[in-house]
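Take any residue in the sequence shown, count from 1 to its spot, add 17: that is its number in the working numbering.
Backbone N, C-alpha and C define an ideal beta-carbon position, used for all residues, glycine too.
Just so we're clear, the structure is a prediction, and the values are computed from it rather than from any experiment.
What follows is a set of notes on a single structure, which appears directly below.
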Amino acid sequence: MKKNTIDFGYQEIPVEEKKERVKNVFNSVAGKYDLMNDAMSFGVHRLWKNLTITKINPQPGEILIDVAGGTGDLARRFLKRAEAVRVRRGGSSATAHICDINDQMLLAGIDQIKDKDNLSRVCGDAQKLPFSDNYADALSIAFGIRNVTDRQAALKQFFRVLKPGGRMFVLEFSTPKDKNLRKIYDSYSFNFIPKIGNFLAGDADSYQYLVESIRKFPKQNEFSNMIVESGFSNVSYRDFSGGIATLYWGWKI
Ligand SMILES: C[S@@+](CC[C@H](N)C(=O)[O-])C[C@H]1O[C@@H](n2cnc3c(N)ncnc32)[C@H](O)[C@@H]1O
């Protein structure tokens, strides 16, 4: 029989409630999201995102869909890197679409100065992407897949919207393999992150969910297998910061 409950952090809730609960979390933190990211990770999330962009290797003329793109951190980095290549080698500008289920996150990221014409935003669900088949050269999702109700359905959508030869990248929090690092990381996460959330964003509960949802996310090998099951080839991953975060990738061949 199909299981009709799902994890929401350490709580088990009806499957149909998860999307709304996740939406509420990000509605609540949208205005302080970028500040909190820097505070919680001591700015290290920037390094993980830069390493992700290096692996994506953006090229002039390419189209990126950044799913669960939130305030647009990764999409902007993609465009900047592609533009640097374009200036050196020529070609047309790259395009990036930020797709996020939460309009508050999208709105919080709008920046009249940083935003260019080749960056667009669309409100949409990772499980039902509003893009046609074989559309994008690259697809990324950073710290988003953990929040999606049916991750396998989302991965299949990622495969669908990529062009043949297209590449997919998932950056997600993970489980450090070293026992001592895991202990320190757990202690920091459970004792400090909800407190920082309370202090800076006035919301400890959302950050408690963040910490718990990381622990419920599949381990690196298990998640890699899910990517393979969705049709991707050459699937692999690389741990960052001892496995606090992991970058997964796969190709649509
Ligand atoms: C932790 S934030 C990550 C934002 C951004 N990618 C970053 O790295 O800073 C997670 C984002 O996932 C979005 N999200 C959650 N569930 C989603 C879904 N089913 N489809 C699309 N976006 C979703 C949330 O609204 C939120 O903006």
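Helix, strand or coil for Q28? Go by DSSP, reduced to three states. Numbered from 1 along the sequence shown, position 11 holds the residue referred to as residue 28. Correct three-state label for Q28: strand.
Across the segment 28-47 and the segment 219-232, are there enough close Cβ pairs to call them in contact, namely three or more that are closer than 8 Å? yes
Using a Cβ-Cβ cut-off of 6 Å (strictly less than) and excluding sequence neighbours within five positions of V42, which residues of its own chain qualify? Looking up residue 42 in the sequence shown gives position 25. So the list reads S223 and Y226, once near-sequence residues are dropped.
Would you say the beta carbon of V165 is closer than 7 Å to some non-hydrogen atom of ligand 1? Position 148 of the sequence shown, counted from the start, is the residue given in the question as residue 165. Under cutoff, so the answer is yes.
Specify the secondary structure class of T166 as computed by DSSP and reduced to three states. The sequence position of residue 166 within the sequence shown is 149, counting from 1. Coil at T166, not helix or strand.
Does the segment 87-100 come within contact of the segment 112-126, defined as at least 3 CB pairs closer than 8 Å? yes
Entirely enclosed alpha helix (DSSP H) segments - the segment 103-149, minimum 4 residues: 120-125
Compute the minimum distance between the beta carbon of V39 and the heavy atoms of ligand 1, and state whether it is under 7 Å. For this step, residue 39 is matched to residue 22 along the sequence shown. Answer for V39: yes, Cβ within range of ligand 1.
Going along the chain, which residues of its own chain have a beta-carbon closer than 8 Å to the beta-carbon of F95, five neighbours each way excluded? Within the sequence shown, the letter at position 78 stands for residue 95. Excluding sequence neighbours, F95 sits near I70, I73, P75, L81, D83, A111, A113, A155 and S157.
Which residues in the same chain as R106 place their Cβ atom closer than 8 Å to its Cβ, once the five residues preceding and following it in sequence are excluded? Counting from 1 along the sequence shown, the entry for residue 106 is found at position 89. P77, listed in sequence order.
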